[in-house]
Amino acid sequence: MGAARPSAASGRPAHHWWNDERARGYLYQVLLLLLVVAVGWFLVGNTLTNLNSRHIATGFGFLDREASFGISEHVIDYAPTDSYSRALLVGLLNTLEVSVVGIILSTLLGIVTGIARLSANWIVARVAAVYVEIVRDVPLLLQLFFWYQLITESLPVPRQAINVLDLVFVSNRGLKIPSPVWDGHWFVVTGAFLLAAAVSVALGRWAARRQERTGRYFPVLRVSLAMLCGLPLLAFLAGGGSLAFDVPVLAGFNFRGGYTLTPEFAALLVGLVFYTGGFIGEIVRSGILAVPHGQTEAARSLGLSRAMTLRLVVLPQSLRVVIPPLTSQYLNLTKNSTLAVAIGFPDLVSVANTAINQTGQAVEGVVIIMAIYLVISLALSLFMNWYNQRVALKGGAP
Amino acid sequence: MTTEPTVGLLTVPWRWSRRHLFQSPGSSVLTLLAAWLLWKVLPSAVNWALVKAVWSGDPAACRASGGACWAFVTEKYRLILFGIYPYDEQWRPLTAIVVFVVMMLASAHPSCWRRWLIWMWAGGLVLVGILMWGGVPGLPYVSNDRWGGLPLTLILSATGIVLSFPLALLLALGRRSRLPAVRAASVAYIELWRGVPLVSVLFMASIMFPLFLPEGITVDKLLRAQAGIILFTAAYLAENVRGGLQAIARGQFEAADALGLSYWQKTRLIILPQALRLVIPPLVGQFITTFKDTSLVVIIGLYDLLSSTKMALSDPQWRAFYIEGYVVAALIYTVFTAAMSYYSQYLERRLDRDRRRS
């Protein structure tokens, strides 16, 4: 097609600029930009007029005002006298808490499910298939309502709570477990664990480099596990073998002390984990199927042990298939945690919704929600992309 | 002469269970564990759901029996299915459900993938609108804040998918365009909508849309939610379509260019027919997701199937029988989602076969 040539030389009819593909391209783009600007102008203009006529001040000034509503669950200290920004932060932390725990648990459940689906054992494979089918066919919100009602209506009241060794209590007010009292011993034990973790990472690096250079193998996994269990245990024994716990006790109609897993949190977590676990199970299954059996046979005939075959040959190849869809499942779980609002768990959206209802700052509230979720989504995608590049084929990629 | 191994009555099941249930000690333990669990759970579940179940009667009879209270469903099925639509007019939403099911079945078979499908859906949606709203002679007007139940779920999801599709096509083409501004706009749209949860989109639809419109113009909640679902779904569908576009071999584009086809001719006649065929299974997957996601309109106070179930359960007499209520709602959802998912598997096999043959 090419650019229009001057027509003076030949007797052909004159080329008009609109017959030139590039010129048309510019025209389309300018029109699109004009359209976007016009729509934006229209929406913003209308919004400002409407806000004016309703006497709602725009801006984020309301964030510093007193929130004056309670939030039933908070990771950090919060009281109704705190500001709206503090309330939103509490909501955000609740969202992150349920998402992180949910991602870890649903990954574990998904791995088990995916392996079970492929099990040679007929009954195990059937059970896993039925589980996957059910959770994938029924809307998540319905599952959440079900779990929430199951927890609040069929569990006993605190006075008749299911009692495990006088330490853990299950009732319709939630799950009560002993919580650590943060004194010196706890810090030493936690420090020992962190030290073990750091040394394990360094050891892994060193062992990999040594193996590359000399070919000698070092059992990193076993040594690391021993350290991770052993060092905190040593610290525990050195500290006199006692750790302080705050044990929940029944006082009146409810428990006092200990750490509480509320029914709302439990229902949301259970619902999200079972739902996402089904999807991750299918991803894991496809990841395992993606590695031809010949790879395993070849690795075994080279003399690698079963564990090494799995770790060095099968896993790296299936991770490549698994990571991208897994990323979108993690994002889905995080976004699905907003369904909390339907069962009364104070996540970010639920807190922001209360704030919007109290202040009338709808635009700002929705902008805050959307901005925070965009940041979370982008951060999670960036992390998973980085991980994906680590496991991707190096060199000679198609 | 070889001696035939004797084949007894139990040989086949014995061999089968050796191969599939007890091939190793670990597997045997798992089998026994699973069998024990099923033994514990299944009989009591059957007992609850069928044997001791109460099929009609009042809550007292249900409580006395201790089994499943299907009487709740027989008592409330009209409320669950149709919400608070006027009782005497409920044949209209029922007809709407039939129209939807017929249209879905007609769209399912590849021999029906012709242009008339588009007209059928356009006509069908108008027909559903007339049935539900009424206002024509013989059909009294019913305001859409009284719509509910299964028809509302079907309307929200079907309209959402049908109307978001053209937008999704444009976005997918835009993302693959050579014009930087078009590409940037498409990417921004797609990533923005995919980055936020549907709940916040619905909140936006319910509290921000009114602010966007000029003064004096109001759009009711159902239409606002519908608009939110369309805009949201379009971003996801666009990514599915893009997958198909990327799978088309370069030669197809070059051949179309060599024939002197314009961009739109090329796209309409060569590229899209092939690309869409490739992505039908993921598109069906997206349809399933949209169908399930419409249940979120509970949060902004619309009465879809899930919320009408909750409404039926809010009757204090029947509150205790929430399991029955949710099981029935889940079964209705499952009929649709399972049908779609088996259909998608069938299509995938069919596409696979076509590809292998060529």
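Protein chains in written order, with my numbering: chain G, 1 to 398; chain P, 1001 to 1358. A virtual CB, placed ideally from N, CA and C, is assigned to each residue, including glycine. These numbers come from a predicted model, not from an experiment.
Taking valine 1199(P) as the centre and dropping the five residues before and after it, the same chain places the C-beta of Leu1296 and Ile1299 closer than 7 Å to its C-beta, in chain order. Considering only Gly1129(P), Ala1035(P), Leu1313(P) and Arg1350(P), the residue with the shortest C-alpha distance to cysteine 1069(P) is Leu1313(P). In terms of Cα proximity to proline 1180(P), the closest of Trp18(G), Gly25(G) and Ser68(G) is Gly25(G). The C-beta of glycine 102(G) comes no closer than 7 Å to any C-beta of chain P. Taking 7 Å as the cut-off, the Cβ atoms of alanine 1235(P) and arginine 1194(P) count as close.
Per DSSP, reduced to three states, the secondary structure at valine 30(G) is helical.
Setting aside the 5 residues that flank it on each side, glutamate 66(G) is surrounded in the same chain by Thr81 and Ser83, each with a C-beta closer than 7 Å to its C-beta; the list follows chain order. According to DSSP, residue pairing for glycine 1149(P) in a beta bridge involves Asp1304(P). Within the stretch 223-291 of chain G, the runs of alpha helix (DSSP H) at least 4 residues long that lie entirely inside it are, in chain order, 263-289.
Checking the DSSP bridge columns, you'll see serine 83(G) partnered with Glu66(G).
Residues Ile280 of the same chain have their beta carbon placed closer than 7 Å to that of threonine 107(G), with the five preceding and five following residues left out of the count. Annotation for serine 171(G): the continuous beta strand (DSSP E) segment containing it runs 168-171. Rounded to the nearest whole angstrom, the C-alpha separation of serine 179(G) and valine 247(G) is 7 Å. Taking the Cα positions, serine 318(G) is about 16 Å away from glutamate 297(G). When 9 Å is used as the limit between beta carbons, serine 377(G) is near these residues of chain P: Glu1191, Arg1194, Gly1195 and Val1196, in chain order. Chain G has a Cβ within less than 7 Å of the Cβ of isoleucine 1299(P). Here DSSP, grouped into helix, strand and coil, assigns valine 1142(P) to coil. Straight-line spacing of the CA atoms in threonine 309(G) and alanine 1247(P) works out to 34 Å. Residues of chain P whose Cβ lies closer than 7 Å to the Cβ of proline 325(G) do not exist, since the nearest Cβ in that chain is about 11 Å away. Under the three-state reduction of DSSP, leucine 175(G) is assigned to strand.
Annotation: valine 1279(P) to leucine 228(G) spans about 48 Å, alpha carbon to alpha carbon. Secondary structure note for isoleucine 162(G): its beta strand (DSSP E) is the uninterrupted segment 162-164. Counting only the Cα atoms, arginine 311(G) lies some 16 Å from serine 224(G). Taking C-beta atoms as the reference points, arginine 117(G) and alanine 125(G) count as a pair closer than 7 Å.
At a cut-off of 7 Å between C-beta atoms, tyrosine 259(G) does not count as an interface residue with respect to chain P. With a beta-carbon spacing of about 7 Å, leucine 234(G) and alanine 192(G) fall inside the 8 Å limit used to define contacts. Distance between glutamine 1226(P) and aspartate 347(G), taken at the CA atoms: about 25 Å.
Listed along chain P are Pro1197, each with a C-beta nearer than 7 Å to that of lysine 335(G). Against chain P, the CB of glycine 25(G) has a partner CB under 7 Å away; the residue lies at that interface. For arginine 1063(P), the closest C-alpha among the options Phe1321(P), Trp1014(P) and Ala1106(P) is that of Phe1321(P).
Contact residues of the stretch 1326-1340 of chain P toward chain G are Tyr1326, Ala1329, Ala1330, Tyr1333, Thr1334, Thr1337 and Ala1338 (C-beta to C-beta distance below 7 Å).
Around the beta carbon of proline 1214(P), a 10 Å sphere encloses fewer than 16 other beta carbons of the protein chains shown; the residue is thus reported as exposed. Among the residues of chain G, those whose CB is under 7 Å from the CB of methionine 1208(P) are Ala362, Val363 and Val366, following chain order. Look at proline 219(G) here: in three-state DSSP terms it is coil, with no helix or strand label. The shortest C-alpha to C-alpha distance from glycine 1066(P) to any of Pro1043(P), Trp1113(P), Pro1282(P) and Val1051(P) is the one to Val1051(P). Against chain P, the beta carbon of tryptophan 122(G) has neighbours under 7 Å at His1020 and Leu1021, listed in chain order.
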